[in-house]
Ligand code: NDP
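In the UniProt record's numbering, the protein residues as written are 1 to 480.
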């Protein structure tokens, strides 16, 4: 059985204590490999290697860093098929999706930050009348930790690693133990691209052991984390007393607000995608759909009809729209919400059942599910499910829907469908989220700030925000 290894100091290494975890294939429920269950000692080894690489890497010219990051990007593109297959196998997502979204975006992350670092600049402030000039240095932090989730494995892993490296830091990174494969393969590409030894170290293992060893390491100075809100709160509790820099990208329960004056067909097609792309396992999915009362019945009929056409199937089939959920425990968690909804007077309009895919009967497949709810306060409307389940309910006024949209503990993103300019301006202003999409969904420009408010996180990723996070500002004041 294939065993993947830690990537430390440019080499592939077994875990020091020789502990291993099984890695499951979600499409058939079988163990297909093993991964290191890394201990504190492995993290320490990674730290030692990162620390000794930092001296040189932080002084490497921006052109050279840029060249290496862009080379990594190119190699990911050359290896698109191999990486997409590995991602699909590990995560259960349709191969087509991995090919057009996950891997190309991982390549874009390296290309983007490889270019951005050559354009990153700091400020100077002349203290007029005091004969003094201040300038700000943006210095690399040192060794930083990057921890990512399983839903968009390489996409989110590289979204952290690329700016951290571009800014001259050395990195200890941990992918989710549920989806470690593409992170493992990335090590090979980094070597081929000429990334010096020790600049990036990838340790695999459980969050509670390997992840914990990273966040509590006294000399890892910054943690960039994407994952669940409860884990984020735990990380903040551990890291804050050590005054680490923290970037936390957490859960969401995003409203999708549909007004009668929208471009209906565009809205309908996009709403199917924003509900069920990646089996609904994207932090940006619009899982609470609010529809203006005058078109509610029509929307309900048309939406359900389209959702019924989605094909649940093996991830490698070309016509599969919905692949497997990532793991058995996650499938059980998502399914439990269907019962919770029924107990709260929700009406399942379509879906709600596990799917047995011929030849892969033990895979983790679930029908895309639409539930009509009568109250915005019910649990399926308040808690993050992170699977192929959306709720729908009608509204009458802007103020009513705004209140419902904001009435959750989360605040990651919102989608608004309308052609009314004043309404667009008012709602975009008042929605309590870090991101608002109007008449589109998940359209990304990597220069823009990305992140959430309330329980969806602290800090922003993307563009220069990420490069600011991964550097320390130092002011130098010179009197002349
Ligand atoms: P988790 O919070 O369970 O895990 C995220 C990562 O943290 C994993 O690598 C996990 O390791 C690790 N981890 C767990 N416990 C600790 C710990 N004590 N110390 C350090 N690391 C730890 O999230 P999921 O992987 O289940 O991902 C789903 C969540 O991610 C959802 O809530 C989703 O909304 C959120 N998310 C947010 C995004 C955003 O941009 N805001 C984007 C994508 C997802 P392991 O897997 O081994 O447990």
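Each residue gets a CB set at the ideal place from its N, CA and C atoms; glycine is no exception. Quick caveat: nothing in here was measured; it's all calculated off a predicted structure.
Selected residue, minimal CA-CA separation from residue i, among the options
i           : options               : result
residue 343 : 375, 318 and 328      : 375
residue 418 : 291, 187 and 338      : 291
residue 359 : 45, 300, 424 and 316  : 316
residue 86  : 78, 98 and 77         : 98
residue 222 : 470, 479 and 129      : 470
residue 331 : 42, 388, 38 and 204   : 388
residue 154 : 138, 135, 177 and 143 : 177
residue 385 : 111, 144 and 325      : 325
residue 19  : 53, 38, 79 and 187    : 38
residue 205 : 183, 472 and 322      : 183
residue 397 : 462, 258, 241 and 131 : 258
residue 260 : 62, 378 and 395       : 395
residue 101 : 431, 282 and 426      : 282
residue 163 : 335, 466 and 460      : 466
residue 416 : 441, 105 and 56       : 441
residue 213 : 147, 276, 275 and 267 : 147
residue 202 : 479, 450 and 13       : 13
residue 304 : 296, 350 and 277      : 350
Extent of the continuous alpha helix (DSSP H) run through residue i
i           : result
residue 271 : 264-276
residue 377 : Taken as a continuous stretch (DSSP letters only), residue 377 belongs to no alpha helix (DSSP H), as it is neither H nor E.
residue 57  : 40-57
residue 309 : 293-309
Same chain, Cβ closer than 7 Å to residue i, five either side skipped, listed in chain order
i           : result
residue 381 : 288, 373 and 391
residue 198 : 9, 10, 49, 50, 52, 53 and 170
residue 232 : 225, 248, 250 and 457
residue 432 : 406, 411, 453 and 454
Residue range of the beta strand (DSSP E) that includes residue i
i           : result
residue 475 : 471-479
residue 414 : 413-417
residue 84  : Taken as a continuous stretch (DSSP letters only), residue 84 belongs to no beta strand (DSSP E), being part of the alpha helix (DSSP H) at 80-91.
Cβ shell of residue i (< 8 Å), same chain only, five flanking positions each side left out
i           : result
residue 66  : 114, 115, 117, 118 and 166
residue 32  : 1, 2, 23, 24, 25 and 89
residue 189 : 72, 75, 76 and 79
residue 123 : 135 and 136
residue 307 : 272, 275, 276, 350, 351, 368 and 370
Cβ-Cβ separation, residue j to residue i (assumed contact under 8 Å), whole Å
i           : j           : result
residue 10  : residue 364 : About 36 Å separates the two Cβ atoms, so there is no contact after all.
residue 34  : residue 82  : About 20 Å; that fails the 8 Å criterion.
residue 225 : residue 248 : 5 Å
residue 424 : residue 438 : 5 Å
residue 457 : residue 446 : 18 Å between Cβ atoms; not a contact.
residue 174 : residue 228 : Going by Cβ atoms, the distance from residue 174 to residue 228 rounds to 15 Å, so no, they are not a contact pair.
residue 156 : residue 452 : So it is not a contact: roughly 14 Å between Cβ atoms.
residue 185 : residue 68  : Actually they do not touch by this definition, with Cβ atoms about 17 Å apart.
residue 252 : residue 412 : 3 Å
Residue i classed as buried or exposed, judged by whether at least 16 other C-beta atoms fall within 10 angstroms
i           : result
residue 367 : buried
residue 230 : exposed
residue 477 : exposed
residue 171 : buried
residue 59  : exposed
residue 309 : exposed
residue 421 : exposed
residue 217 : buried
residue 294 : exposed
residue 404 : buried
residue 279 : buried
residue 314 : buried
residue 337 : buried
residue 208 : exposed
Same chain only: Cβ atoms within 6 Å of residue i, ignoring 5 sequence neighbours per side
i           : result
residue 41  : 16
residue 436 : 414 and 428
residue 111 : 70 and 73
residue 348 : 371
residue 181 : 86 and 90
Proximity test, residue i beta-carbon vs the ligand SAM heavy atom, cut-off 7 Å
i           : result
residue 283 : With respect to the ligand SAM, the structure offers nothing, as its ligand set consists of the ligand NDP.
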